[in-house]
Amino acid sequence: MLIYIKGLEDERFVRPLQLIANLFFEETDICLENNGRSELEIDIQLVDEGEEVAASAVLLAAGEEYRASYRKAVTVLEGKEHFKQVKNVVSHVFLHVLQDYTKITQKWGILTGMRPTKLLHKQHQAGVPAEEARRKLQEDYMITEEKVHLMERILERQLAMVPDLYEVKEEVSIYIGIPFCPTKCAYCTFPAYAIQGKQGRVSSFLSGLHYEMEKIGQWLREKDVKITTVYYGGGTPTAITAEEMDELYELMYKVFPDVDSIREITVEAGRPDTITPEKLAVLRKWNIDRISINPQSYTQETLKAIGRHHTVEETISKYRMAKEHGMNNINMDLIIGLPGEGTEEFAHSLEETEKLMPESLTVHTLSFKRASEMTLNKEKYKVADRTEVEQMMNMAEQWTKEHEYVPYYLYRQKNILGNLENVGYSKPGRESIYNIMIMEEVQTIIGIGCGAASKFIDRKTGKIEHFANPKDPKTYNERFVEYTEKKINKLNQLFS
Ligand code: SF4
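Going by full-length UniProt numbering, the sequence shown opens with residue 1, and the numbers climb by one from there.
Written as structure tokens, this is what we have:
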């Protein structure tokens, strides 16, 4: 879909308007000059008077006229921040006419970013009264009341769980990436390599990982920086052997400072086919308090279609096995909109979840990530339409409410079905602190291991810098020393 925007000349508008248009149509392009090929034309008039900005939009299609206008006082008179505020005014009228034209309401309004709750935290931290913050989100960003309410509930739970959320920047969290899985799932873009027959590669990867842990641990001790949470992800961290896991956690206790006072240690045991009594015993031995066992769906055909080579029964039996081994904080992930699934299959997944009642349940909405098998062969995978996806999301909301789960984090992704979101629910008090840290970007997260992304956060300015370790084990094995050094240099700047 090519949309011609008449009346705007500044190229900086193209990208934000394209992101908004993508919420309505597939693969939109925006042009500011008429090349005679556009399928839709929107006339936008902008009057920037410095302290006040006004915009109006007119969309003419099939003999109908759609109009919108919006006026707003701006607080910054020049530079980037000024443009941001002007852009919001333009986005406002653009979204408005597209909503009227398509009859689709975008519940997140003009927001296209990943972390909507950060906006609310910003207001809360600045002491803006709740009523005013709510009004701002609804008026300035056109977020619906329903989503604003969701954000408010999440903020409340996050602050209950981490009362020092705005001060926790003095500490860090650690993410440890283990890039192996039994097989690769069709929708996956994580660094995940099928483990069979790659034992040599696994052990050289683990020696690189041990090196990184030692160096980072040493730095934390020297600088006296505390660890808030540790998260083992990947891949599937339980894809390695019980002995390798045992060695890894032993090392963690040895090299990281004060492991006993770390608030939470999570291990993703995502794929049920990797869980064994021996591995569960190792997790217990090292007081790992939270694991994730991910069904994604309780319909066998779906699991087959997405390349998860485990059975529904296995998910259930491994969950029960984990409980018997004393795991008392288990998260389970479900995905809405998997190929071939509609409300019936999702209702079945919720019924099965009800039999297990894990401490937390993360509800993802399928997103077509660019490099995944599923996106590359999109025509092979039939997925539910927007209305049905929304119905499933409502079912999840209703189910969690009835079973006394609370939402405690959310994030959005590009190309997510129905422009919805992923929501983490948990029993009150069992919220994952790491998930809160990563979503709200309140502290530095040091990524160790393959594909691990570090997020360095300046404690004064809040500026975020990303740094990624190599994704494939071969490059990682060749270059982990250099990558560790770079991270330590960055940490020295931040914590000097
Ligand atoms: S188990 Fe998770 S990390 Fe591994 S291939 Fe599947 S989705 Fe990717």
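Just so it is clear, CB atoms sit at the ideal spot from N, CA and C, and this is done for glycine as well.
It should be emphasised that the depicted structure is a prediction, and the values quoted were computed from it without experimental measurement.
- DSSP places Phe256 in the coil class of the three-state scheme, outside both helix and strand.
- Cβ-Cβ distances below 7 Å link Glu388 to Gly342 and Thr343 in the same chain, with the five nearest sequence neighbours on each side left out; the list follows chain order.
- When Cβ pairs closer than 8 Å are counted between the two stretches, the stretch 143-159 is seen to touch the stretch 397-414, the count reaching three or more.
- According to the DSSP assignment, Lys323 belongs to the alpha helix (DSSP H) that extends over Val312 to Glu324.
- At the C-beta level, Tyr4 and Ser38 come within 8 Å of one another.
- Per the C-alpha coordinates, the member of Leu98, Gly63, His82 and Val259 positioned closest to Ser69 is Leu98.
- By the CB criterion at 8 Å, Phe256 and Ile227 fall inside the cutoff.
- Burial is judged here by how many other beta carbons sit within 10 angstroms of a residue's own beta carbon; Leu77 has fewer than 16 and is exposed.
- Of the residues assessed, Met245 falls on the buried side of the cut-off, its CB having 16 or more other CB atoms within 10 angstroms.
- For the pair Ile275 and Ile293, the CB atoms are nearer than the 8 Å cut-off.
- With a cutoff of 8 Å on beta-carbon distance, Leu361 and Met393 are scored as not near each other.
- Apart from sequence neighbours up to five positions away, the residues of its chain that approach Val225 with a beta-carbon distance below 7 Å are Glu171, Val172 and Phe495, ordered along the chain.
- The nearest non-hydrogen atom of the ligand SF4 is 7 Å or more from the C-beta of Gly36.
- For Leu410, the enclosing beta strand (DSSP E) has its first and last residue at Val406 to Tyr411.
- Glu441 and Ala61 have their C-alpha atoms roughly 42 Å apart.
- For Asp273, the secondary structure class from DSSP, reduced to helix, strand or coil, is helix.
- Ile448 carries a strand assignment under DSSP once its states are collapsed to helix, strand and coil.
- When the alpha-carbon of Tyr141 is set against those of Val168, Thr112 and Asp472, the nearest one is in Thr112.
- Put simply, the backbone Cα of Met357 is about 23 Å away from that of Tyr411.
- Exposure of Arg386 is indicated by the presence of fewer than 16 other C-beta atoms within 10 angstroms of its C-beta.
- If the five residues before and after Phe25 are omitted, its C-beta is found closer than 6 Å to the C-beta atoms of Met1, all from its own chain and listed in chain order.
- Per DSSP, the beta bridge partners of Ala55 are Leu46 and Tyr70.
- Secondary structure of Leu137 (DSSP, three-state): helix.
- In the structure shown, Gln296 falls within a strand segment according to DSSP collapsed to helix, strand and coil.
- At least one heavy atom of the ligand SF4 falls within 7 Å of the beta-carbon of Ala192.
- Ile306 is positioned such that its CB atom lies closer than 8 Å to that of Pro339.
- The continuous stretches of alpha helix (DSSP H) do not include Met114, and DSSP gives it neither H nor E.
- Runs of the alpha helix (DSSP H) spanning 4 or more residues and lying entirely within the stretch 84-108 do not occur at all.
- Our two residues, Arg308 and Ile20, have alpha carbons roughly 34 Å apart in a direct line.
- Taking every protein chain shown into account, the CB of Lys401 has fewer than 16 other CB atoms within 10 angstroms, so this residue is exposed.
- Within 7 Å of the C-beta of Cys450 there is not a single heavy atom belonging to the ligand SF4.
- The Cβ atoms of Leu350 and Met395 lie closer than 8 Å to each other.
- One Cα belongs to Glu314, the other to Arg320, and the distance between them is close to 10 Å.
- The DSSP assignment places complete alpha helix (DSSP H) segments of no fewer than 4 residues inside the stretch 336-375 at 343-356, in order along the chain.
- Partner residues in the beta bridge of His466, as assigned by DSSP, are Lys455.
- Between the ligand SF4 and the CB of Arg201, the shortest heavy atom gap is not smaller than 7 Å.
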